[in-house]
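What follows is a short report on a single structure.
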Amino acid sequence: MTFDVKSQLGQFLMYLAESLDISDTRYVEAEDRYKAVGQWLGKEGSILAQYNPQIYPQGSFRLGTVIRPFDDREEYDIDLVCELQESKEVITQQQLKKMVGDRLKANGDYDRMLDKEEGRRCWTLNYSNGAQFHMDILPAIPEDEGVKQLLFANGVPPVLAEKAISITDIKSNSYNSLDHDWPRSNPKGYADWFHERMKVRFDSLRKSMAESLRAATIEAVPEFRVKTPLQRAIQILKRHRDMMFINDCDDKPVSIIISTLAAHAYKNEADIVDCILSLLDEMPLFIESRGGVSWVPNPVNPMENFADKWHEHPQRELKFRKWLRQVADDLRSALQEGNVGKLQEVFRARFGTRAVNEALAKSEKVMVGAAIADSKTPPRIEIHTPNKPWKA
Amino acid sequence: MITNNDSATLIHHHFAELQAKYPEFTLGQNLFGEWVVRGPICASAIYETTELLIDGVTIEIKLPIVYPDTHPVARETTGLTDGFHTNDDGILCLGSPLAVKATFESCPTILGFMERLLIPFFFAFKYWKNHGEVPFGELSHGGKGILEYYMDIFDISVEENILGFLQILADDSYRGHLPCPCNSKLIIRRCHGEMLRNLAKLQSQDDYFQDYCCIIKYFHDNKLPISRKFLCKRALIKKRF
Chain A
2 MTFDVKSQLG QFLMYLAESL DISDTRYVEA EDRYKAVGQW LGKEGSILAQ YNPQIYPQGS
62 FRLGTVIRPF DDREEYDIDL VCELQESKEV ITQQQLKKMV GDRLKANGDY DRMLDKEEGR
122 RCWTLNYSNG AQFHMDILPA IPEDEGVKQL LFANGVPPVL AEKAISITDI KSNSYNSLDH
182 DWPRSNPKGY ADWFHERMKV RFDSLRKSMA ESLRAATIEA VPEFRVKTPL QRAIQILKRH
242 RDMMFINDCD DKPVSIIIST LAAHAYKNEA DIVDCILSLL DEMPLFIESR GGVSWVPNPV
302 NPMENFADKW HEHPQRELKF RKWLRQVADD LRSALQEGNV GKLQEVFRAR FGTRAVNEAL
362 AKSEKVMVGA AIADSKTPPR IEIHTPNKPW KA
Chain B
6 MITNNDSATL IHHHFAELQA KYPEFTLGQN LFGEWVVRGP ICASAIYETT ELLIDGVTIE
66 IKLPIVYPDT HPVARETTGL TDGFHTNDDG ILCLGSPLAV KATFESCPTI LGFMERLLIP
126 FFFAFKYWKN HGEVPFGELS HGGKGILEYY MDIFDISVEE NILGFLQILA DDSYRGHLPC
186 PCNSKLIIRR CHGEMLRNLA KLQSQDDYFQ DYCCIIKYFH DNKLPISRKF LCKRALIKKR
246 F
């Protein structure tokens, strides 16, 4: 592989990931919206105020690995947690879910936006007016101390175990009764683990961004604007997966497995090509086998298997491994070809026409700039023997 | 032989000609080294008695490596045309392949591409937006559209006869004394001979074979009969069907 081809592919992949990313405007817009929901839920006088509700994002929005929908008709899915300070001693899952739902319904706007069909675990707000996203709000309370101790005993660092929460699930056996056995989650702990995996690269990028922007402090650069090669690689993998499994949705690898294995495999590489090729080689090494069953353990709850469905649907694991090999083949053939440009059509098929076209447009260096128009009069063109438009 | 430097000089020269008339355009090179011309079109276009202002569309013209031997391609980047005669990869379908080649050949510069192909295309789009029809007609999609194009230029109405002309062009088997495939009962030389000789200069046998294959596919998909005499020699050799 020559340096030129590698740097060409690297540049292309960075532009591609930028094209797949949520725009800064959309990000800020989404953040404003969820902060507004948080304010409403915890407003003085609200029934929830006494529980000091905290609303925070989880999932790809928090990890910085969100990708844009395929086209403008689809929506971003923003997952939020609404965590109330309450104990399982005094509240059931159903009561918690209802309390959050009732508070949302008490606001005319949110009541209108609320999805008529109650979700299994969350409440969904459908924003209109071109906002192009919907929010899933997951009611939660802090996890019991006993469970946190258990997580700690299973190797989860206390600082992460501390952030575990209990969530509601309509299908849970104890949904209607006072019980300590609630479904578990730990989005904050997971995000902290994920960020720790790329901390070296993240800090160094943020520092150099602060320098180039002449920011007063490193913290002045918002975290969401810093994107490490790990985050970029995950965005690229997710889009490749979406295209690859476009007609095979049931067996499509879930994002949490991709993010977890990629974060495990990441060695803080600075170069996107080194990063993604190393991830593709090493991600399968982090799939454990426990008693013949494949496991992708949740790093903040080793008793949870993100790949629990693979046992029931063994083809999913096979397709997952095959897909990883396919991505590696696509990128290695680009390097071997010696000219990334020749593979534009392959890239369009793999990552979507729009994203690839945008990435190419971003890569343009303008050699001759626009001149200032001397005259406002547009040229007059007479059309003789025009062609009839056609489509292949 | 044209070197890279010559080619860049020619492109800059052609771009300067475009920019003199369309000053808001830029010329750039993407990371694959492809030359791209980009900018908003603003022109007043007149066809017969109708005059329309073409504005609000931003386009990207990509020059091929072998420019100007091969014509550029263009995309509309503002999304205004919303799929109007646009391929899946966003390339505008400015006409049937041969028509685009012939038109570009008549003025093989970026400005020529703009004014003879792009502006008429956007004129057609704007007119269609206002009136629900394309002022100078449009071709069907795929092989049927190519067939319609050849029927137009040969001015014949029997679909199958087009295969006879394309067979001659694809096999390079022009013989002036043979009967013309249009069924006029004249020999080719006295009928469509001149047109065939001119067409042979415009694109390669392979390109005509491509067009021939697209039309055969259309016949095949629609279960239309094809006389054996219209099968290309090369098609039989390659066992394409």
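In order, the protein sequence lines correspond to chains A and B. Residue 142 in this note's numbering sits at position 141 of the first sequence; the count goes up by one each step and never skips. Residue 149 in this note's numbering sits at position 144 of the second sequence; the count goes up by one each step and never skips. The beta-carbon is built from N, C-alpha and C at its ideal position, and this holds for glycine as well.
task = Identify, in the order they occur along the chain, each residue of the same chain with its Cβ nearer than 8 Å to the Cβ of I384 of chain A, setting aside the five sequence neighbours on each side.
result = Residue numbering aside, residue 384 of chain A sits at position 383 when the first sequence is read from its first letter. Taking I384 of chain A as the centre and dropping the five residues before and after it, the same chain places no C-beta closer than 8 Å to its C-beta.
task = Mind listing, in chain order, the continuous beta strand (DSSP E) runs of no fewer than 3 residues lying wholly within the segment 299-353 of chain A?
result = 302-306
query = Which full runs of the beta strand (DSSP E) of 3+ residues lie inside the segment 15-59 of chain A, going along the chain?
reply = 55-59
request  = Along the beta strand (DSSP E) that carries M119 of chain B, what are the first and last residues, could you check?
outcome  = Translated into positions along the second sequence, residue 119 of chain B becomes position 114. Premise fails: M119 of chain B is in no beta strand (DSSP E) and is neither H nor E.
task = For W296 of chain A, collect the residues of the same chain with a Cβ closer than 8 Å to its Cβ; drop the 5 residues on either side in sequence, then sort them by chain order.
result = Reading the first sequence from its first residue, position 295 is the one you call residue 296 of chain A. So the list reads I288, E289, S290, N306 and A308, once near-sequence residues are dropped.
query = What residues in the segment 178-203 of chain B have a beta carbon less than 8 Å from any beta carbon of chain A?
reply = none
Sub-9 Å separation of A1 of chain A and I273 of chain A beta-carbons = Here chain A covers residues 2 to 393 and nothing more, so residue 1 of chain A does not appear.
inquiry  = Determine whether the beta carbon atoms of D193 of chain A and P230 of chain A lie at a separation below 9 Å.
reply    = In the first sequence, residue 193 of chain A corresponds to position 192, counting from 1. In the first sequence, residue 230 of chain A corresponds to position 229, counting from 1. Their beta carbons are not under 9 Å apart, which means D193 of chain A does not touch P230 of chain A by this criterion.
request  = Using a threshold of 9 Å, state whether the C-beta atoms of L21 of chain A and K253 of chain A are closer than that.
outcome  = Counting from 1 along the first sequence, the entry for residue 21 of chain A is found at position 20. Counting from 1 along the first sequence, the entry for residue 253 of chain A is found at position 252. Not closer than 9 Å, so no.
query = Taking the Cβ atom as the reference point for each residue, do F126 of chain B and L144 of chain B lie within a distance shorter than 9 Å?
reply = Sequence index remark: in the second sequence, residue 126 of chain B carries index 121 (1-based). Sequence index remark: in the second sequence, residue 144 of chain B carries index 139 (1-based). Result no, Cβ atoms of F126 of chain B and L144 of chain B do not sit closer than 9 Å.
ask   = Does the distance from the C-beta atom of P58 of chain A to that of C83 of chain A stay below 9 Å?
value = Position 57 of the first sequence, counted from the start, is the residue given in the question as residue 58 of chain A. Position 82 of the first sequence, counted from the start, is the residue given in the question as residue 83 of chain A. No; because the gap between Cβ atoms is not below 9 Å, this pair is not in contact.
ask   = Name the chain A residues whose beta carbon is nearer than 9 Å to that of T108 of chain B?
value = To locate residue 108 of chain B, count along the second sequence from 1; it is residue 103. Result: T386, P387 and N388.
request  = If I'm right that I161 of chain B touches C196 of chain B with Cβ under 8 Å, what's the distance once you round it to whole angstroms?
outcome  = Your numbering for residue 161 of chain B matches position 156 in the second sequence. Your numbering for residue 196 of chain B matches position 191 in the second sequence. Not quite, the Cβ-Cβ distance comes to about 10 Å (not below 8 Å), so this is no contact.
message = When you compare the CB of K26 of chain B with every CB in chain C, is at least one pair closer than 9 Å?
response = In the structure shown, chain C does not exist; the protein chains are A and B.
request  = Report buried or exposed for I151 of chain B, applying the criterion of at least 16 other Cβ atoms within 10 angstroms of its Cβ.
outcome  = Locating residue 151 of chain B in the second sequence gives position 146, where the first residue counts as 1. With 16 or more Cβ atoms within 10 Å of its Cβ, I151 of chain B is classed as buried.
Enclosing alpha helix (DSSP H) for V148 of chain A [first to last residue] = Counted from its first residue, the first sequence places residue 148 of chain A at position 147. First-last of the alpha helix (DSSP H) with V148 of chain A: E146 to A154.
Buried or exposed (CB count within 10 angstroms, at least 16 for buried), A141 of chain A = Taking the first residue of the first sequence as position 1, residue 141 of chain A is located at position 140. A141 of chain A comes out buried.
message = Report the start-end ranges of each alpha helix (DSSP H) in the segment 166-235 of chain B that is 4 residues or longer and not cut off at the edges.
response = 198-207 and 210-226
inquiry  = Could you tell me the alpha carbon to alpha carbon distance between G11 of chain A and K222 of chain B, rounded to whole angstroms?
reply    = For the purposes of this step, residue 11 of chain A is taken as residue 10 along the first sequence, with counting starting at 1. For the purposes of this step, residue 222 of chain B is taken as residue 217 along the second sequence, with counting starting at 1. Those two C-alpha atoms are separated by around 41 Å.
query = Along chain A, in chain order, which residues have C-beta atoms closer than 7 Å to that of D94 of chain B?
reply = Indexing the second sequence from 1 puts residue 94 of chain B at position 89. Chain A residues near D94 of chain B: R349 and T354.
request  = Report the neighbours of N429 of chain A on chain B: residues whose CB is nearer than 7 Å to its CB, in chain order.
outcome  = There is simply no residue 429 of chain A to check, as chain A begins at 2 and stops at 393 in what is shown.
key: Rounded C-alpha distance that separates Y72 of chain B from T55 of chain B   = By one-based count along the second sequence, residue 72 of chain B stands at place 67. By one-based count along the second sequence, residue 55 of chain B stands at place 50. If you take the alpha carbons of Y72 of chain B and T55 of chain B, they lie about 33 Å apart.
request  = Return no unless some Cβ of chain B is closer than 9 Å to the Cβ of R233 of chain A.
outcome  = Numbered from 1 along the first sequence, position 232 holds the residue referred to as residue 233 of chain A. Taking Cβ atoms only, chain B never reaches closer than 9 Å to R233 of chain A, which makes this a no.
query = Would you say the segment 74-84 of chain B touches the segment 56-65 of chain B, given that touching needs at least three Cβ pairs under 8 Å?
reply = yes
message = If you reduce the DSSP assignment to three classes, tell me which class I7 of chain B lands in.
response = Numbered from its first residue, the second sequence carries residue 7 of chain B at position 2. Residue confidence is low: I7 of chain B scores 49 on pLDDT, short of 50, so the model does not pin down where it sits. Its coordinate-derived value is still stated next. Note: I7 of chain B maps to coil in three-state DSSP.
Contact set between E143 of chain B and chain A, taken where Cβ atoms lie within less than 8 Å = Sequence index remark: in the second sequence, residue 143 of chain B carries index 138 (1-based). Chain-order list of chain A residues neighbouring E143 of chain B: K389, P390 and W391, by C-beta distance under 8 Å.
task = Would you decide whether L32 of chain B is buried or exposed? Buried here means 16 or more other CB atoms lie within 10 Å of its CB.
result = Residue 32 of chain B sits at position 27 when you count from the first residue of the second sequence. Counting the other CB atoms within 10 Å of its CB gives L32 of chain B a total of 16 or more, which places it among the buried residues.
request  = Run down chain B in chain order and give the residues with a C-beta less than 7 Å from the C-beta of L361 of chain A.
outcome  = Translated into positions along the first sequence, residue 361 of chain A becomes position 360. Near L361 of chain A (Cβ distances below 7 Å), the residues of chain B are N35.
message = On the criterion of 16 or more Cβ atoms from any shown chain inside 10 Å, does Q150 of chain A qualify as buried, or is it exposed?
response = Counting from one through the first sequence, the residue named residue 150 of chain A turns up at place 149. Exposed: under 16 other Cβ atoms inside 10 Å.
ask   = Residues in its own chain within less than 6 Å of M15 of chain A by CB, not counting five upstream and five downstream?
value = Here residue 15 of chain A refers to the residue found at position 14 of the first sequence. I273, listed in sequence order.
Helix, strand or coil at G148 of chain B [DSSP, three-state] = By 1-based counting over the second sequence, the position of residue 148 of chain B is 143. Helix at G148 of chain B.
key: chain A contact residues for P125 of chain B, given Cβ-Cβ distances below 8 Å   = Here the question's residue 125 of chain B lines up with position 120 in the second sequence. Correct list: I384, P387 and N388.
Distance, F246 of chain A Cα to R121 of chain A Cα = Residue numbering aside, residue 121 of chain A sits at position 120 when the first sequence is read from its first letter. Residue numbering aside, residue 246 of chain A sits at position 245 when the first sequence is read from its first letter. For R121 of chain A and F246 of chain A, the distance between alpha carbons rounds to 25 Å.
key: Three-way DSSP call (helix, strand, coil) for V6 of chain A in this model   = Indexing the first sequence from 1 puts residue 6 of chain A at position 5. Note: V6 of chain A maps to helix in three-state DSSP.
task = Report yes if the C-beta distance between N302 of chain A and L152 of chain A is below 9 Å; otherwise report no.
result = If you number the first sequence from 1, residue 302 of chain A lands on position 301. If you number the first sequence from 1, residue 152 of chain A lands on position 151. Yes, these two residues count as a Cβ contact at 9 Å.
key: Residue of A:I23, A:Q133, A:W124 and A:H181 minimising C-alpha distance to E90 of chain A   = If you number the first sequence from 1, residue 90 of chain A lands on position 89. Measuring from the Cα of E90 of chain A, the nearest candidate turns out to be A:H181.
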